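**Student:**
Protein chains: 2
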Amino acid sequence: MLGTMLLFGEHPSSFAKSEKGVPGIQDRLHLKNLNDTVDYYAAQREQWLAKAEANKPVLTETIVKPVRLGKLVKDNDAFQNWRMDPAASIDQFISQGFKEQSGVIIDFGTHVTGYVSFSLRPLHTTPDAPLRLKLTFGEVPSEVAVPFDPYPGGLSRAWLQDEIVTVSELPAQITIPRRLAFRYVKVELLSPSIAYDFTFDSIQIKATSSASTAVAALASKTSERIKAIDRVGLQTLSECMQTVYEDGPKRDRRLWIGDLYLEALANDVSYKNHQLTRRCLYLLAALANKEGYLHGTVFERPKPHPQEGQQLLDYALLFGVALKDYAENTGDTGTALDLWPVVKRQIDLVTRYLQPDGRLDYDRANKELWIFIDWKDGLHKAVAIQGLAIFALKQAYQLAKHLGKEKELSGLPNMIQKMEQASRKYFFDQQKQLFVSGPAKQVSYASQLWMVLSGVVSRKDAPSLIHTLEQDATALKPGGPYLYHYLLQAMIQSGMGKEAKEIMLQYWGQMVDMGADTFWEVYDPTDEYKSPYNFYPVNSYCHAWSCTPVYFIRKYPEIFQNE
Amino acid sequence: MLGTMLLFGEHPSSFAKSEKGVPGIQDRLHLKNLNDTVDYYAAQREQWLAKAEANKPVLTETIVKPVRLGKLVKDNDAFQNWRMDPAASIDQFISQGFKEQSGVIIDFGTHVTGYVSFSLRPLHTTPDAPLRLKLTFGEVPSEVAVPFDPYPGGLSRAWLQDEIVTVSELPAQITIPRRLAFRYVKVELLSPSIAYDFTFDSIQIKATSSASTAVAALASKTSERIKAIDRVGLQTLSECMQTVYEDGPKRDRRLWIGDLYLEALANDVSYKNHQLTRRCLYLLAALANKEGYLHGTVFERPKPHPQEGQQLLDYALLFGVALKDYAENTGDTGTALDLWPVVKRQIDLVTRYLQPDGRLDYDRANKELWIFIDWKDGLHKAVAIQGLAIFALKQAYQLAKHLGKEKELSGLPNMIQKMEQASRKYFFDQQKQLFVSGPAKQVSYASQLWMVLSGVVSRKDAPSLIHTLEQDATALKPGGPYLYHYLLQAMIQSGMGKEAKEIMLQYWGQMVDMGADTFWEVYDPTDEYKSPYNFYPVNSYCHAWSCTPVYFIRKYPEIFQNE
Numbered sequence: 090m091l092g093t094m095l096l097f098g099e100h101p102s103s104f105a106k107s108e109k110g111v112p113g114i115q116d117r118l119h120l121k122n123l124n125d126t127v128d129y130y131a132a133q134r135e136q137w138l139a140k141a142e143a144n145k146p147v148l149t150e151t152i153v154k155p156v157r158l159g160k161l162v163k164d165n166d167a168f169q170n171w172r173m174d175p176a177a178s179i180d181q182f183i184s185q186g187f188k189e190q191s192g193v194i195i196d197f198g199t200h201v202t203g204y205v206s207f208s209l210r211p212l213h214t215t216p217d218a219p220l221r222l223k224l225t226f227g228e229v230p231s232e233v234a235v236p237f238d239p240y241p242g243g244l245s246r247a248w249l250q251d252e253i254v255t256v257s258e259l260p261a262q263i264t265i266p267r268r269l270a271f272r273y274v275k276v277e278l279l280s281p282s283i284a285y286d287f288t289f290d291s292i293q294i295k296a297t298s299s300a301s302t303a304v305a306a307l308a309s310k311t312s313e314r315i316k317a318i319d320r321v322g323l324q325t326l327s328e329c330m331q332t333v334y335e336d337g338p339k340r341d342r343r344l345w346i347g348d349l350y351l352e353a354l355a356n357d358v359s360y361k362n363h364q365l366t367r368r369c370l371y372l373l374a375a376l377a378n379k380e381g382y383l384h385g386t387v388f389e390r391p392k393p394h395p396q397e398g399q400q401l402l403d404y405a406l407l408f409g410v411a412l413k414d415y416a417e418n419t420g421d422t423g424t425a426l427d428l429w430p431v432v433k434r435q436i437d438l439v440t441r442y443l444q445p446d447g448r449l450d451y452d453r454a455n456k457e458l459w460i461f462i463d464w465k466d467g468l469h470k471a472v473a474i475q476g477l478a479i480f481a482l483k484q485a486y487q488l489a490k491h492l493g494k495e496k497e498l499s500g501l502p503n504m505i506q507k508m509e510q511a512s513r514k515y516f517f518d519q520q521k522q523l524f525v526s527g528p529a530k531q532v533s534y535a536s537q538l539w540m541v542l543s544g545v546v547s548r549k550d551a552p553s554l555i556h557t558l559e560q561d562a563t564a565l566k567p568g569g570p571y572l573y574h575y576l577l578q579a580m581i582q583s584g585m586g587k588e589a590k591e592i593m594l595q596y597w598g599q600m601v602d603m604g605a606d607t608f609w610e611v612y613d614p615t616d617e618y619k620s621p622y623n624f625y626p627v628n629s630y631c632h633a634w635s636c637t638p639v640y641f642i643r644k645y646p647e648i649f650q651n652e
Numbered sequence: 090m091l092g093t094m095l096l097f098g099e100h101p102s103s104f105a106k107s108e109k110g111v112p113g114i115q116d117r118l119h120l121k122n123l124n125d126t127v128d129y130y131a132a133q134r135e136q137w138l139a140k141a142e143a144n145k146p147v148l149t150e151t152i153v154k155p156v157r158l159g160k161l162v163k164d165n166d167a168f169q170n171w172r173m174d175p176a177a178s179i180d181q182f183i184s185q186g187f188k189e190q191s192g193v194i195i196d197f198g199t200h201v202t203g204y205v206s207f208s209l210r211p212l213h214t215t216p217d218a219p220l221r222l223k224l225t226f227g228e229v230p231s232e233v234a235v236p237f238d239p240y241p242g243g244l245s246r247a248w249l250q251d252e253i254v255t256v257s258e259l260p261a262q263i264t265i266p267r268r269l270a271f272r273y274v275k276v277e278l279l280s281p282s283i284a285y286d287f288t289f290d291s292i293q294i295k296a297t298s299s300a301s302t303a304v305a306a307l308a309s310k311t312s313e314r315i316k317a318i319d320r321v322g323l324q325t326l327s328e329c330m331q332t333v334y335e336d337g338p339k340r341d342r343r344l345w346i347g348d349l350y351l352e353a354l355a356n357d358v359s360y361k362n363h364q365l366t367r368r369c370l371y372l373l374a375a376l377a378n379k380e381g382y383l384h385g386t387v388f389e390r391p392k393p394h395p396q397e398g399q400q401l402l403d404y405a406l407l408f409g410v411a412l413k414d415y416a417e418n419t420g421d422t423g424t425a426l427d428l429w430p431v432v433k434r435q436i437d438l439v440t441r442y443l444q445p446d447g448r449l450d451y452d453r454a455n456k457e458l459w460i461f462i463d464w465k466d467g468l469h470k471a472v473a474i475q476g477l478a479i480f481a482l483k484q485a486y487q488l489a490k491h492l493g494k495e496k497e498l499s500g501l502p503n504m505i506q507k508m509e510q511a512s513r514k515y516f517f518d519q520q521k522q523l524f525v526s527g528p529a530k531q532v533s534y535a536s537q538l539w540m541v542l543s544g545v546v547s548r549k550d551a552p553s554l555i556h557t558l559e560q561d562a563t564a565l566k567p568g569g570p571y572l573y574h575y576l577l578q579a580m581i582q583s584g585m586g587k588e589a590k591e592i593m594l595q596y597w598g599q600m601v602d603m604g605a606d607t608f609w610e611v612y613d614p615t616d617e618y619k620s621p622y623n624f625y626p627v628n629s630y631c632h633a634w635s636c637t638p639v640y641f642i643r644k645y646p647e648i649f650q651n652e
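Sequence order for the protein chains is A and B.
Here the first sequence stands for residues 90 to 652, numbered as in this note's numbering.
Here the second sequence stands for residues 90 to 652, numbered as in this note's numbering.
1. Let me check understanding here. Comparing Cα to Cα, which of A:K433, A:I315, A:F408 and A:L449 lies closest to Q650 of chain A?
2. Ignore the nearest five residues each way along the sequence and tell me which others in T419 of chain A's own chain have a CB closer than 7 angstroms to its CB.
3. Rounded to the nearest angstrom, what separates I183 of chain A and G186 of chain B at their Cα positions?
4. Contact defined as beta carbons within less than 8 angstroms: I believe Q293 of chain B pairs with K465 of chain B. What is the distance between those atoms, to the nearest angstrom?
5. What is the rounded straight-line gap between the Cα of Y575 of chain A and the Cα of A296 of chain A?
6. According to DSSP, is P211 of chain A helix, strand or coil?
7. Which residues in chain A have a C-beta closer than 9 angstroms to the C-beta of R134 of chain B? List them in chain order.
8. Run through chain A and tell me which residues come within less than 9 angstroms of R390 of chain B, C-beta to C-beta.
9. DSSP three-state label for V201 of chain A, please.
10. Quick one: is D217 of chain B near chain D, going by C-beta distance under 8 angstroms?
11. Please state whether DSSP places R314 of chain A in a helix, a strand or coil.
12. Give the straight-line distance between the Cα atoms of R117 of chain A and T126 of chain A, rounded to the nearest whole angstrom.
13. Measuring CA to CA, which of B:S526, B:R367 and B:A377 is closest to L412 of chain B?
14. Cβ atoms of L138 of chain B and A66 of chain B: under 8 angstroms apart, would you say?
15. Using the beta-carbon of each residue, which ones in chain A are nearer than 9 angstroms to D341 of chain B?
16. Can you tell which of B:T386, B:V333 and B:W248 has the C-alpha that lies nearest to the C-alpha of D238 of chain B?
17. Can you confirm whether V264 of chain A, when its beta carbon is compared against all beta carbons of chain B, has any partner nearer than 8 angstroms?
18. Strictly below 8 angstroms CB to CB, what residues from chain A border R221 of chain B?
19. Using a Cβ-Cβ cutoff of less than 8 angstroms, which residues in the same chain neighbour Y534 of chain B once the five nearest sequence positions on both sides are dropped?
20. Compare the C-beta of T214 of chain A with all C-beta atoms of chain B and state if any pair is closer than 8 angstroms.
21. Tell me which residue opens and which closes the alpha helix (DSSP H) that E457 of chain A is part of.
22. Just to confirm the assignment: which complete alpha helix (DSSP H) runs, minimum length 4, are found wholly within the stretch 122-208 of chain B?
23. Y515 of chain A by DSSP, collapsed to three states: which one?
24. Around the C-beta of K433 of chain A, are 16 or more other C-beta atoms found within 10 angstroms, so that it is buried, or is it exposed?
25. When the Cα atoms are used, what is the spatial distance from Q560 of chain A to Q519 of chain A?
26. Does chain A have any CB closer than 8 angstroms to the CB of L488 of chain B?
27. Among the candidates B:C329, B:L349 and B:G447, whose CA atom is the shortest distance from the CA of K507 of chain B?
28. Quick check: P236 of chain B and L161 of chain B, are their CB atoms within less than 8 angstroms of each other?
29. Is the number of C-beta pairs between the stretch 631-648 of chain B and the stretch 326-341 of chain B that are closer than 8 angstroms three or more?
Structure (structure tokens):
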């Protein structure tokens, strides 16, 4: 297996020179042994981190003021059964004592990410005691309607954005320390027995983003519905663009390779903050594990560090795709050359699980790593990861050619061919005329679309495959926006732009219809309460991987910017 | 009435020269009209405020670390039915993951006032989500045992010291913004579903006080019980000495004249921070109302300001007593001369309510001002306020003589004499041989002791009066430590030192027996749950007016520092 690992050439660091004697691959997979492993990127890590730091964007700060008070209305036709109607004006809110208004909902008119501050002023009598406020921030109306406790969710309760503040003196200027992402804030007085009254003199958000350039308008003939989807997509993207590409500004607020890849696609046709993409690529590289494999997610603070052990096979491979796109779009060959060793190293993950018959050993890979593909219960991912790997390997080879490094990957074309052949041979079900995954021969959108994107299915054959898929009532549909992105890409690539546009209008359009200010992490048209975390208010309602209509609309104007 | 107001001479400010034409006294009592009133201290206010600022003490900061974990035990013999037993060591607490320890109680070993900070460190795996902690601080065990909500209390719920903190990143160094006063802190993890564990690396308090000088030890023959009472009293006083004499560091955290008077007495024989007394006297003077009458309480922050409308007749009069004591104890005649006009002006409050028969018009005064005397339901205060006024007028006259200003009070001796005679004539019940207050002829400790302190009852007659009082089963006892102070002073002044000591040993000694680290605002030996605020956890358990054993023990060593 060691030989296989070195298929594509020399290791780039001094470690390569003493490759012999390092533990076998099985052992090396175990984190516990990593302490004993020589650092694969010993020579580069520090400068990569420095470059990540040097490319850290200065955030643009914008003061956003609320537009009105809102009033929650139970409505079976509204998203998650809650509608927010306009209520009083902000002037009215500010001019009146707060005690009688406790429980009020302030509506900022749009989703926003940043730091909330407010000032309080006493009314009439001298305050003689502290007061206690609870502020509950909601991205969507249900978040300020549904009680958070007792909390049934699987993720940390602390993601939910409610804060209790003790105000010791008035007048007071308060800033909530944590960054928040929301449109609505419910404010409750938890100390109603104070003997005085007070008023909010002001409340505002210092919104932050690294997406500050003006975005070109769409063609005038673009439909209003597409324009609306684009607006929401741009808002989503801009809020996720902070000092890294975050996945969601409410939750999880960090850099994931999968989100980065899609955000970079959308950024490239809109805000064009390539410095941010560069920073993220360097940061991920610098924080790879000692063996050189990327972590699926990393953190910037308190100091840059990876989530130890969080290794996603598909995300590791998509890094190379993102780097190739970056290099092509920017002409920044220097960065691509710097980070080329990382792309090459991730390929070893494929060779590690590649069986002689050309199939990845899915069961083993799935045990040793996380294969994400989609949030979808019961999805069998053997075909999808096979397709994704082929797709990524092809892009890596293109990058190698672009960099004059194809000799380092001399074995790759044959390997890809073998994997493609195996895919057709082992995964295609002649009877169903669809790719099937696993012993239960599961049919899914994930499997088909990755076979299309990988090129295992030719452009000519793809439309028929997708039509067959659409007729199959047993087919597992995409679980969320992340996989819908790849579905649209596969369809557009197969000349099915019209159908892709239809899906966008339906899927993303429906979110807009339901009042989305930003696109959601999770959206299942058949279940508005769906949550991978067992509590829908902890879902992220502004999520990077849902922003890609921005990319499609602008990348393919002939499809999307037409009536 | 205007004539009466000017009984004791010229007004000290330019306002005096245009006294004619100002509104009648009744109108002037109404705050709404104060805006139209010329400022009584126009010429002095600014310099008084500047002197208050110049005398602001620099607080001494001391780092205090916890001593152990505590374990709450329900115990009918313990104060308020809760006992705190020692549990694990702090080393053990810090060495273990917190998730399993949620709900732990950290015991700092003593009551302390200051700023709490702690640091958190992740264990084993990379934290990938924020966490949420609730910290509940208790001065006494019941405060960390009894739920605060639903809150039944009459004062602000925000006085209770529980804080919820969202920690976005680990490792983290957290400081709770509000100053806290406590011995115990209960720490709960409100986000138990986090996927990682963490530990408290440290937790500490930066304790603050303006009582920093070493206090002389008591005579070696002093009993252990008196020594213990003295220790607790000193701790109480030191925590209340901040940038002003606060009433209680947990609640209300501000300068009240009544507390200042007693704290200054205790400070004068212990920490001797006369600068603090000076600051407080100037601050109160500078923040008197436009008519020149003192507010019972003032605030330092955000900038010095009074509690508008909070005018206490007894507290206004005690200001002069405190200034006289200060001048005598320090020899600082300059300050006394500076503030003499304020003392003189407060006397007008007495003349305003004085009736031709020599009695204060209690009903009217009680309607227009707050007459405090004691926290005691149903207490009729006509006799007590008559006695307190005589007491204060006599001290004011002594101060005048000390300053060579007695000519400004030429009418005072006669007025005092008249008030004394009226007291004996109208309030003394021959049958009961006690002073009685109000139409119901109420007998109370408050009435008798103020008749003694005022000198209406001679030193010779006082012991018999007090013995008669003690035999009267209907007599209203003191409601709390504040009035107990005056009782002890009255007894000592009447040669009843032994009996006074006995009361101290019983009343304050019992608090020590029940584990008091600092003396309580409210203590009724017959009801441990007594609260003027309808919820005993919101009582202050470190309260200035309870610290005066420090004063008695050191002022009267022949009584208290003997076996």
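The beta-carbon is built from N, C-alpha and C at its ideal position, and this holds for glycine as well.
From a predicted model like this one, the values you see are computed outputs, not experimental measurements.
**Tutor:** Let's see:
1. Closest option to Q650 of chain A, Cα to Cα, is A:I315.
2. H363, listed in sequence order.
3. Cα atoms of I183 of chain A and G186 of chain B: separation of roughly 46 angstroms, rounded to the nearest angstrom.
4. That pair is no contact at about 40 angstroms.
5. Our two residues, Y575 of chain A and A296 of chain A, have alpha carbons roughly 31 angstroms apart in a direct line.
6. DSSP places P211 of chain A in strand when its eight states are reduced to three.
7. The premise fails here: R134 of chain B is roughly 18 angstroms from chain A at the closest Cβ pair, so nothing lies under 9 angstroms.
8. In chain order: S257 and E258.
9. In the three-state reduction of the DSSP assignment, V201 of chain A falls in the strand class.
10. The structure shown contains no chain D; its protein chains are A and B.
11. DSSP, reduced to helix, strand and coil, places R314 of chain A within a helical segment of the structure shown.
12. With a pLDDT of 35 at R117 of chain A, under the threshold of 50, the modelled position of that residue is not reliable, and the figure given next carries that caveat. Rounded to whole angstroms, R117 of chain A to T126 of chain A spans 8 angstroms at the Cα level.
13. Out of B:S526, B:R367 and B:A377, B:R367 has the C-alpha closest to the C-alpha of L412 of chain B.
14. Lying outside 90 to 652, the shown extent of chain B, residue 66 of chain B is not represented and no answer is given.
15. Correct list: D217 and A218.
16. A check of alpha carbon separations from D238 of chain B across B:T386, B:V333 and B:W248 identifies B:W248 as the nearest.
17. For the record, residue 264 of chain A in the displayed sequence is Thr; it is not Val. Interface annotation, T264 of chain A: not in contact with chain B, CB-CB separation never under 8 angstroms.
18. Under the 8 angstroms cutoff, chain A gives S245, R246 and A247.
19. Closer than 8 angstroms at the Cβ level, and outside the excluded window around Y534 of chain B, lie L558, A564, L565, K566, P567, L572 and L576.
20. True, the Cβ-Cβ gap to chain B drops below 8 angstroms.
21. Secondary structure note for E457 of chain A: its alpha helix (DSSP H) is the uninterrupted segment Y451 to E457.
22. With a minimum length of 4 residues, the continuous alpha helix (DSSP H) runs that stay inside the stretch 122-208 of chain B are 134-143 and 179-184.
23. Y515 of chain A falls in the helix class under three-state DSSP.
24. A buried status is given to K433 of chain A, since no fewer than 16 other beta-carbon atoms sit within 10 Å of its beta-carbon.
25. For the pair Q560 of chain A and Q519 of chain A, the Cα-to-Cα distance works out to about 16 angstroms.
26. Chain A contact via Cβ: absent.
27. Distance check between K507 of chain B and each of B:C329, B:L349 and B:G447 places B:G447 closest, using alpha-carbon atoms only.
28. No, these two residues do not count as a Cβ contact at 8 angstroms.
29. Yes, the stretch 631-648 of chain B is in contact with the stretch 326-341 of chain B.
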